[in-house]
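Data block below; observations after.
Number of protein chains: 2
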Amino acid sequence: MSSSPILAEQILNALREAVGPPPVALHAPTFNGNEWAYVKECLDSTFVSSVGSYVSQFEHDLMRFTKADHAVAVVNGTSALHIALILADVKAGDEVLMPALTFVATANAIVYCNAIPHFVESDERTLNVDVGKLREYLIRETRQHANQCVNRQTGRVIRAIVPVHTFGHPVDVEELLSIAQDFNIKLIEDAAEAIGSYYKGKHAGTFGLLGTLSFNGNKTITTGGGGAILTNDPSLASRARHLTTTAKLSHAWVYRHDEVGYNYRMPNINAAIGCAQLEQLPGKLVAKRQLFDIYNAAFRKVSGVQLVAEPPHSISNYWLQTLLLQPEMRDQRDQVLEATNKAGYGTRPIWTLMSELPMFLSSPKMDLSVANSLSQRIINIPSSPSLVIREP
Amino acid sequence: MSSSPILAEQILNALREAVGPPPVALHAPTFNGNEWAYVKECLDSTFVSSVGSYVSQFEHDLMRFTKADHAVAVVNGTSALHIALILADVKAGDEVLMPALTFVATANAIVYCNAIPHFVESDERTLNVDVGKLREYLIRETRQHANQCVNRQTGRVIRAIVPVHTFGHPVDVEELLSIAQDFNIKLIEDAAEAIGSYYKGKHAGTFGLLGTLSFNGNKTITTGGGGAILTNDPSLASRARHLTTTAKLSHAWVYRHDEVGYNYRMPNINAAIGCAQLEQLPGKLVAKRQLFDIYNAAFRKVSGVQLVAEPPHSISNYWLQTLLLQPEMRDQRDQVLEATNKAGYGTRPIWTLMSELPMFLSSPKMDLSVANSLSQRIINIPSSPSLVIREP
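Quick note, the sequences are listed as chains A and B, same order.
Be aware that the first sequence starts at -1, since it is given in the numbering used here, and climbs by one per residue.
Be aware that the second sequence starts at -1, since it is given in the numbering used here, and climbs by one per residue.
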């Protein structure tokens, strides 16, 4: 046996030590609460479709948990982003700033508005938007015209910025609010991965004009498919409800719609699951923090990788636990992914940079050196809360 | 007591005779089969989200029932239409023919493609597209250019036609196929309301290049929210799966997407309900035909209204039972709606003409005299299959 085994072997050993023998999924949901009871009640009521009592309850519970004044439950995180962009007045031909290093849904939602994603550099420490470089870039590359932020290169208006709280780690949203104000850009927080994450004690997704959540099956809590729009503005909340229910005007029987709308409301049956999942969220969050501590102990011995910890002033939900390889180790990433997945540990790399996908090759972008380096060095490792707590 | 009571009173009496005392909903779902068993199994499996075994089972069951070669389950009927239009190559600036007298989802889906709805006249007998007038209109108003159908007035390409099988009554889809071929227009059938409906023995939605279904809570069977795309073309089916799952390229862990995609796949938990609902569909269809017979007997005595029967060569699923007022009775429609809803019978008028909604005022359209007249004379009456069969 070599005294310095290759990285893949070291990581496999650390995983075994931390979470036990395989198979271990990357992130598996658990349904150990009132899911069955609520779903059965929902079926028995026959109100399984859009806008039912569980939808209202779920929205109410989300408001209580996040302290947002309003929550609108929708079919998924992508639809939440799409509606949030419309509500932020993003129009055809506008540009919208977003991290290059994130899931494709954010960029797609921008395209649904016939707008153009404009890719922002990452911060090595937080994996999020580099707020310092962003400010310098906007000073250099934009001008103000009629209270709008105009891209000097393209002449297009930069209407909004959609930062993502990557893997649940809060972005420096205070500085982003300041940038948004200084440059006349609207702030929408993509908090798809960040339920239960806080920046300076305030829930992710509640700082900007609007925030969005996702309850996809791989998230901390799930509704099968689902998402939500958060806002503190009652008129935006009202318009979100209108747009997500085909823009139908309220009437006992008349079918009249006053604008192009969407069929985006969360079905009641999915909301029933969501109500039960939210009850279990605090326990899951505790477990996910404990899992970080367990991994931290196990990976301390592995040189060349670092376990990503929550940023300053933040509480992360640690949605996906993350290993960051040192730059000189990047060539071993695929070997690690091969070895761990083959051994039965669910691991994955971070997303391909949005700026490298064929449909976004011509999108404007900052220098993305750090994002590019990160995109080659990140490995997510098994992150289910059930790895720590054997739930009842 | 008058010997000729006003229409509202006569209709109320007929409703009481046919379906018993109120409250009676317009259309209520029932869950008397394996819904609970399948949903529980789905929760226990923890695979509640997109692409699971119930999704595949549901698609398989839909294929068996409709005899379509391929079925792709999605979040709702609107998303099915959106993807079908993309698959039919509908591009920004194209026009798409559709009935003026239908639900707004069809027109919205066309706008999602940055295309323009072009409204078609209705047939008084079937409530569907008037195929005879449509052919004459296309001869007069279009020209062929490079194997494309060009609107002489606007100069835009008419790329597709999306007929709707209104209330489950099949449109004359053979003549539409012939028109589609003669004018180089692609045929997408909006069969949202027509599961279990047949034209000359073939299921609605399986004639065109693509067909779409809806499983919203008000439909004959429901998945909470849901829809499906039907096609006999394997490459279109494959592309539908790709586009509805964020256009992600298949790989064990790499996240790479090759075009702008959508988050439209049906969650497994909703598909579990769908599998159980499909098992009960034959019984529901029998009950809905029986309900037509019961209404037919009850409304024979009411002068000035006619119960809409299935068109020639067709078997209708009778999704919504429909009264058509004689033209001279149209002024009494709102009185009937008021009286019946107040008495506890769920009734509603047909939709507002699409051409009268503010966002479609400038859309091209045929003469819509019949559609306009129909829009003022139709009342849907309670149509739940459970009104006939007391299911176990």
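Ideal placement from N, C-alpha and C gives every residue a C-beta, glycine not left out.
L174 of chain A: member of the alpha helix (DSSP H) spanning V171 to F181, first to last residue. Residue pairing by DSSP places E93 of chain A opposite A:I114 and A:I156 in a beta bridge.
If you check the CB distance, M327 of chain B and V303 of chain B come in under 8 Å. Taking C-beta separations shorter than 8 Å and ignoring five residues to either side along the sequence, the partners of Y196 of chain A in its chain run P168, A202, S312 and I313, following chain order. Of all residues in the segment 245 to 256 of chain B, those with a C-beta nearer than 9 Å to a C-beta of chain A are A245, K246, A250, W251, V252, Y253, R254, H255 and D256, reading in chain order. Contact between S361 of chain B and F63 of chain B is absent: CB atoms are separated by about 35 Å, not below the 8 Å threshold. DSSP, read as helix, strand or coil, puts H240 of chain B in helix. Taking 8 Å as the cut-off, the beta carbon of V258 of chain B is found no closer than this to the beta carbon of R157 of chain B.
Of the residues assessed, G225 of chain A falls on the buried side of the cut-off, its CB having 16 or more other CB atoms within 10 angstroms. Around the beta carbon of H143 of chain A, a 10 Å sphere encloses fewer than 16 other beta carbons of the protein chains shown; the residue is thus reported as exposed. When 7 Å is used as the limit between beta carbons, F29 of chain A is near these residues of chain B: L41 and T44, in chain order. Within the same chain, and ignoring the five residues on either side of L41 of chain B in sequence, the residues whose Cβ sits closer than 8 Å to its Cβ are I267. Fewer than three Cβ pairs drawn from the segment 64 to 74 of chain B and the segment 162 to 182 of chain B lie within less than 8 Å of each other, which leaves the two stretches out of contact. At a cut-off of 8 Å between C-beta atoms, R237 of chain B does not count as an interface residue with respect to chain A. Separation of the CB atoms of F29 of chain B and T44 of chain A is rounded to 7 Å, and the pair is thereby assigned contact status at 8 Å. Interface criterion not met: the Cβ of S54 of chain B is under 8 Å from no Cβ in chain A. For chain B, the residues of the segment 91 to 121 of chain A that bring a beta carbon within less than 9 Å of one of its beta carbons are F101, V102, A103, A105, N106, V109, Y110 and N112, in chain order.
Note that the segment 133 to 147 of chain A does not touch the segment 102 to 117 of chain A; fewer than 3 beta-carbon pairs, one per stretch, sit closer than 8 Å.
In the structure shown, N230 of chain A falls within a coil segment according to DSSP collapsed to helix, strand and coil. Approximately 13 Å separates the beta-carbon atoms of R237 of chain B and V72 of chain B; this is outside 8 Å, ruling out the contact. At a cut-off of 8 Å between beta carbons, E33 of chain B contacts chain A. The beta carbons of I377 of chain A and T350 of chain A sit about 15 Å from each other, so the pair does not count as a contact at 8 Å. At a Cβ-Cβ threshold of 8 Å, I219 of chain B and Q275 of chain B count as neighbours.
With respect to chain A, the C-beta atom of V284 of chain B has no partner C-beta closer than 8 Å. In terms of beta-carbon proximity, S48 of chain B lines the interface with chain A, with at least one pair separated by less than 8 Å.
Taking a C-beta distance under 8 Å as the contact criterion, K184 of chain B and A26 of chain B do not qualify as a contact pair. Using a Cβ distance threshold of 8 Å, V22 of chain A and P380 of chain A count as a contacting pair.
P232 of chain B and Q179 of chain B have their C-alpha atoms spaced approximately 21 Å apart. For P347 of chain A, the C-beta contacts it makes with chain B under 9 Å involve W251, V252 and Y253, in order along the chain. Bounds of the alpha helix (DSSP H) holding S77 of chain B are G75 to L85.
Chain-ordered, the chain B residues with CB closer than 9 Å to the CB of I271 of chain A read L41, V46 and I267.
The C-alpha of G209 of chain A lies about 26 Å from the C-alpha of N370 of chain A. Taking C-beta separations shorter than 7 Å and ignoring five residues to either side along the sequence, the partners of R133 of chain A in its chain run I177, following chain order.
Contact between I186 of chain A and L211 of chain A is absent: CB atoms are separated by about 12 Å, not below the 8 Å threshold.
At a cut-off of 8 Å between beta-carbon atoms, G259 of chain B makes contact with chain A. Chain B places a beta carbon closer than 8 Å to that of G215 of chain A, counting this residue as a contact.
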